[in-house]
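Trainee: Chains as they are written, first to last, in my numbering: chain A, 295 to 576; chain B, 12 to 189. Ideal placement from N, C-alpha and C gives every residue a C-beta, glycine not left out.
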Amino acid sequence: MQIVIINSNATELYVIHKILYQIKDIIYYYMSASENVRYIKIQKIGEGAYGIIYKAQDVQTEEIVALKKFKLSDNEGVPSCALREISILNQLNHPNIIKLISQIIINKKLHLVMNYYDMDLTEYLKFNHEEFHLKNIIYKILLAVEFIHNRKIIHRDLQPNNILITNNEPVLIDFGLSRVLSPNMTPGVTQLWYRAPELLSNCNTYDYAIDMWSLGCIIAEIALNKPLFMGSSEIHQLLLIKNIINGNEWFLHNSQFAKLNNLFIDLINVCISLEFLEIIIS
Amino acid sequence: LNQTFLQNENDKDSQIGGFSAETLQALMLQEIEHFPNPDYMVSIQTQLSPKVRAILMDWMIDVCSVYNMKRDTYYLAVAYVDSYLSKKSIPKVDVQLLGTASMLIASKMEEVEAKHVSEFERAANHGYTIDQIYQMEIEVCTVLQWHLNLPTINLWIEFYTNQWDNFITDIQKKFRAN
Numbered sequence: 295m296q297i298v299i300i301n302s303n304a305t306e307l308y309v310i311h312k313i314l315y316q317i318k319d320i321i322y323y324y325m326s327a328s329e330n331v332r333y334i335k336i337q338k339i340g341e342g343a344y345g346i347i348y349k350a351q352d353v354q355t356e357e358i359v360a361l362k363k364f365k366l367s368d369n370e371g372v373p374s375c376a377l378r379e380i381s382i383l384n385q386l387n388h389p390n391i392i393k394l395i396s397q398i399i400i401n402k403k404l405h406l407v408m409n410y411y412d413m414d415l416t417e418y419l420k421f422n423h424e425e426f427h428l429k430n431i432i433y434k435i436l437l438a439v440e441f442i443h444n445r446k447i448i449h450r451d452l453q454p455n456n457i458l459i460t461n462n463e464p465v466l467i468d469f470g471l472s473r474v475l476s477p478n479m480t481p482g483v484t485q486l487w488y489r490a491p492e493l494l495s496n497c498n499t500y501d502y503a504i505d506m507w508s509l510g511c512i513i514a515e516i517a518l519n520k521p522l523f524m525g526s527s528e529i530h531q532l533l534l535i536k537n538i539i540n541g542n543e544w545f546l547h548n549s550q551f552a553k554l555n556n557l558f559i560d561l562i563n564v565c566i567s568l569e570f571l572e573i574i575i576s
Numbered sequence: 012l013n014q015t016f017l018q019n020e021n022d023k024d025s026q027i028g029g030f031s032a033e034t035l036q037a038l039m040l041q042e043i044e045h046f047p048n049p050d051y052m053v054s055i056q057t058q059l060s061p062k063v064r065a066i067l068m069d070w071m072i073d074v075c076s077v078y079n080m081k082r083d084t085y086y087l088a089v090a091y092v093d094s095y096l097s098k099k100s101i102p103k104v105d106v107q108l109l110g111t112a113s114m115l116i117a118s119k120m121e122e123v124e125a126k127h128v129s130e131f132e133r134a135a136n137h138g139y140t141i142d143q144i145y146q147m148e149i150e151v152c153t154v155l156q157w158h159l160n161l162p163t164i165n166l167w168i169e170f171y172t173n174q175w176d177n178f179i180t181d182i183q184k185k186f187r188a189n
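#1: In the structure shown, what three-state DSSP assignment does A:L546 receive?
#2: Check distances from the C-beta atoms of the region 136 to 148 of chain B to those of chain C and list, in chain order, the residues that come in under 8 Å.
#3: Which residue from A:A490, A:E425, A:L437 and A:I400 puts its Cα closest to that of A:D451?
#4: Would you tell me roughly how many angstroms separate the C-alpha atoms of A:N444 and B:A88, rounded to the nearest one?
#5: Check each candidate in A:P454, A:C497 and A:I566 and name the one with the smallest Cα separation from A:I516.
#6: For A:L377, go through chain B and note every residue whose CB falls closer than 7 Å to its CB, in chain order.
#7: Extract the residue ranges of the beta strand (DSSP E) inside the region 431 to 469 of chain A, only unbroken runs of 3 or more that lie entirely within it.
#8: Tell me which same chain residues have a C-beta within less than 7 Å of the C-beta of B:E121, skipping the five on either side of it?
#9: At a CB distance below 7 Å, what residues from the region 361 to 375 of chain A approach chain B? Give them in sequence order.
#10: By DSSP's criteria, A:K338 is part of a beta bridge. Which residues make up the other side?
#11: Let me know the secondary structure DSSP gives B:F186 once reduced to three states.
#12: Please name the residues in the region 425 to 444 of chain A whose beta-carbon is closer than 7 Å to at least one beta-carbon of chain B, in chain order.
#13: Between the region 455 to 485 of chain A and chain B, which residues of the former have a C-beta closer than 7 Å to a C-beta of the latter?
#14: On the criterion of 16 or more Cβ atoms from any shown chain inside 10 Å, does A:M506 qualify as buried, or is it exposed?
#15: Classify A:Y315: buried if its beta carbon has 16 or more other beta carbons within 10 angstroms, exposed otherwise.
#16: Using a C-beta cutoff of 8 Å, does A:I399 count as contacting chain B?
#17: Under the assumption that B:A125 contacts B:K119 (Cβ atoms under 8 Å), give the Cβ distance between them as a whole number of angstroms.
#18: May I ask you to report which of helix, strand or coil DSSP gives A:K363?
#19: Nearest by alpha-carbon distance to A:L475: which of A:L436, A:Y344 and A:T499 is it?
#20: Out of curiosity, what's the CA-to-CA distance linking A:S374 and B:R187?
#21: Determine the chain A residues that contact B:E132 at a beta-carbon separation under 9 Å, and present them in chain order.
#22: Which same chain residues, not among the five before or five after B:Q107, have their C-beta less than 8 Å away from its C-beta?
#23: Note down the Cα distance separating A:S472 from A:A343, rounded to an integer number of angstroms.
#24: Once DSSP output is grouped into helix, strand and coil, what is the label at B:F30?
#25: Who are the neighbours of A:I385 on chain B, taking C-beta pairs under 8 Å?
#26: Output the boundary residues of the alpha helix (DSSP H) element that contains A:H530.
#27: CB B:E33 to CB B:P162, shorter than 8 Å?
#28: Suppose the cutoff is 7 Å on Cβ atoms and the five residues either side in sequence are ignored; what does the same chain contact list for B:H158 look like?
#29: Which one or two residues does DSSP pair with A:I391 in a beta bridge?
#30: Should B:S100 and B:P47 be called a contact, given that it needs their Cβ atoms to be closer than 8 Å?
#31: Go ahead and pull the three-state DSSP assignment for A:A327.
#32: Does B:A37 get closer than 8 Å to chain A when you measure Cβ to Cβ?
#33: Between which two residues does the alpha helix (DSSP H) carrying A:K403 extend?
#34: Quick one: residues in its chain with C-beta nearer than 7 Å to the C-beta of A:I513, no 5 flanking neighbours on either side, listed in chain order?
#35: Between B:V53 and chain A, is the shortest Cβ-Cβ distance under 8 Å, so that the two count as touching?
#36: Show which residues of chain B have a CB atom less than 8 Å away from the CB atom of A:I382.
Structure, rendered in structure tokens:
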């Protein structure tokens with residue numbers, strides 16, 4: 295059974311909610327008795343090439359969870375992004391990385407059950423927060439990324455939308471693009487604004503450094519409250535990166551970074567260092 | 012190995028055989044946790060013999076080399092076969108199906124562009140239908156409890172050869188100093 299609420303205003307929603315709340319136990323009883331239904335879909339949250347993400351409720355524990363649905367197509371079987379995501383999440387156990395509660399196959403569809411959080415970093419940054427909280431978030435993200443890199447895994451899709459915030463603590467999600475480090479990989483990963491120069495120049499022998507680049511962009515975004523490089527195409531993105539560099543001295547000429555602490559600029563510089571690119575050019 | 016490990020334990024940034032100490036620790040824990048049962052031929056399997064496994068491995072490496080797959084892909088597939096066999100007994104007829112499904116999963120996990128199922132179907136000489144391969148794929152995943160990032164033999168060979176290289180360069184340095 296699937297409950298979808300479309301275009302309802304607040305009062306209608308309230309009424310529906312009230313009715314549902316009253317007959318909740320009855321519905322749950324019949325559903326759990328009739329089939330092996332464990333989760334009820336409440337709402338669609340997101341959609342991608344891989345499948346659809348739903349907000350859902352666990353019938354047994356009444357917990358709100360996120361359901362990620364993959365279709366097992368005739369063309370491919372279990373999609374490779376699903377295989378990688380499940381196997382990677384299964385081996386990661388860290389407070390700042392999303393937990394995979396279980397994976398179930400119903401009617402040739404693979405569902406991943408994960409914890410549900412309702413706010414991501416982009417939304418979080420729309421409000422004003424104390425510096426202490428922001429620093430804490432940056433620190434915890436760095437710890438989480440170090441944790442996955444220590445297990446030879448590259449995330450490859452770090453961006454503010456993939457960092458959820460709950461009680462001022464970050465949670466890393468979406469390992470659909472991540473994989474174990476290998477000598478040959480596809481360069482078409484990461485969202486354009488957070489894509490490292492080696493990926494932009496179509497290099498397929500990159501390593502953990504691409505995650506560090508994305509992290510640098512995210513940290514700068516937290517500090518500036520807007521994305522650092524907002525390119526419209528790959529060439530434009532490279533141009534923006536080139537414009538902000540003045541030789542090897544980063545940002546120091548740039549007035550928008552004047553208010554930041556020197557240590558902070560150093561941190562961004564370490565993340566967004568061009569050493570790798572220089573090796574390629576020379 | 013133990014000596015070098017202990018020597019470098021205090022130094023956090025040191026690299027052992029190309030891995031940092033923490034990576035090595037994580038990989039070793041994984042290896043201990045998912046190590047296949049060494050005598051599954053006797054204790055778990057009823058219809059198989061070591062010779063059957065050898066024939067399967069030969070066929071798999073043939074397929075992998077014909078389709079130009081990475082070396083890691085083959086060893087990952089071998090790891091899946093071994094851990095499946097050490098958990099569940101299968102009839103002799105399905106051994107090749109298990110190998111095919113393992114190669115399919117491994118190619119999806121490791122290759123940049125995964126090979127299509129029909130190619131594996133052709134490699135198995137159409138002995139199994141595509142639906143059967145898909146079914147086996149899901150079964151392998153569930154039996155392994157979706158722990159598909161296994162440290163392969165190839166990784167450990169790399170680890171030991173890197174250490175050997177370091178050892179040789181050290182000796183050469185000493186030799187030149189004298």
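Mentor: Based on what the coordinates show:
#1: Confidence in A:L546 is poor, its pLDDT being 47 and thus under 50, which makes the residue's placement unreliable; the coordinate value appears in the next sentence. Reduced to three states, the DSSP call for A:L546 is coil.
#2: Looking for chain C here will not work: the only protein chains present are A and B.
#3: When each option's Cα is compared against that of A:D451, the closest is A:A490.
#4: One C-alpha to the other measures close to 24 Å.
#5: The residue with the shortest Cα to Cα distance from A:I516 is A:P454.
#6: Simply I116, K119, M120 and L159.
#7: For the region 431 to 469 of chain A, whole beta strand (DSSP E) runs of length 3 or above, ordered along the chain, are 457 to 460 and 463 to 466.
#8: Cβ-Cβ distances below 7 Å link B:E121 to K81, D83, T84 and L87 in the same chain, with the five nearest sequence neighbours on each side left out; the list follows chain order.
#9: Answer in chain order: G371, V372 and S374.
#10: According to the DSSP secondary-structure assignment, A:K338 is paired through a beta bridge with A:Y348.
#11: Three-state DSSP puts B:F186 in a helix.
#12: Of all residues in the region 425 to 444 of chain A, N444 have a Cβ within less than 7 Å of some Cβ in chain B.
#13: Of all residues in the region 455 to 485 of chain A, those with a C-beta nearer than 7 Å to a C-beta of chain B are V474, S476, N478, M479 and T480, reading in chain order.
#14: Classification for A:M506: buried.
#15: Here A:Y315 is exposed, its C-beta having fewer than 16 other C-beta atoms within 10 Å.
#16: True, the Cβ-Cβ gap to chain B drops below 8 Å.
#17: The beta-carbon distance between B:A125 and B:K119, rounded to whole angstroms, is 4 Å. This is short enough to meet the 8 Å contact definition.
#18: A:K363 falls in the strand class under three-state DSSP.
#19: Comparing Cα-Cα distances from A:L475 to each of A:L436, A:Y344 and A:T499, the minimum goes to A:T499.
#20: C-alpha separation (whole angstroms): 51 Å.
#21: Within 9 Å Cβ-Cβ: nothing; B:E132 doesn't reach chain A, min ~12 Å.
#22: These residues qualify, in order along the chain: L67, W70, A135, G138 and Y139.
#23: Near 15 Å, if we compare the C-alpha coordinates of A:A343 and A:S472.
#24: Per DSSP, reduced to three states, the secondary structure at B:F30 is strand.
#25: Correcting the residue type first, residue 385 of chain A is Gln in the shown sequence and not Ile. When 8 Å is used as the limit between beta carbons, A:Q385 is near these residues of chain B: Q41, H158 and N160, in chain order.
#26: For A:H530, the uninterrupted alpha helix (DSSP H) segment begins and ends at E528 to I538.
#27: At least 8 Å separates the beta-carbon of B:E33 from that of B:P162.
#28: H45.
#29: When DSSP reads this structure, A:I391 sits in a beta bridge with A:L466.
#30: Taking C-beta atoms as the reference points, B:S100 and B:P47 fail to come closer than 8 Å.
#31: Its pLDDT being 47, under 50, A:A327 is placed unreliably in this model, and the value from its coordinates should be taken loosely. Helix at A:A327.
#32: Judged by the 8 Å Cβ criterion, B:A37 is in contact with chain A.
#33: It is not in any alpha helix (DSSP H) - A:K403 instead sits in the beta strand (DSSP E) that spans K403 to N409.
#34: Here the set comprises I432, L561, I562 and C565.
#35: Chain A, which has no Cβ nearer than 8 Å to the Cβ of B:V53, makes this no.
#36: Correct list: N160.
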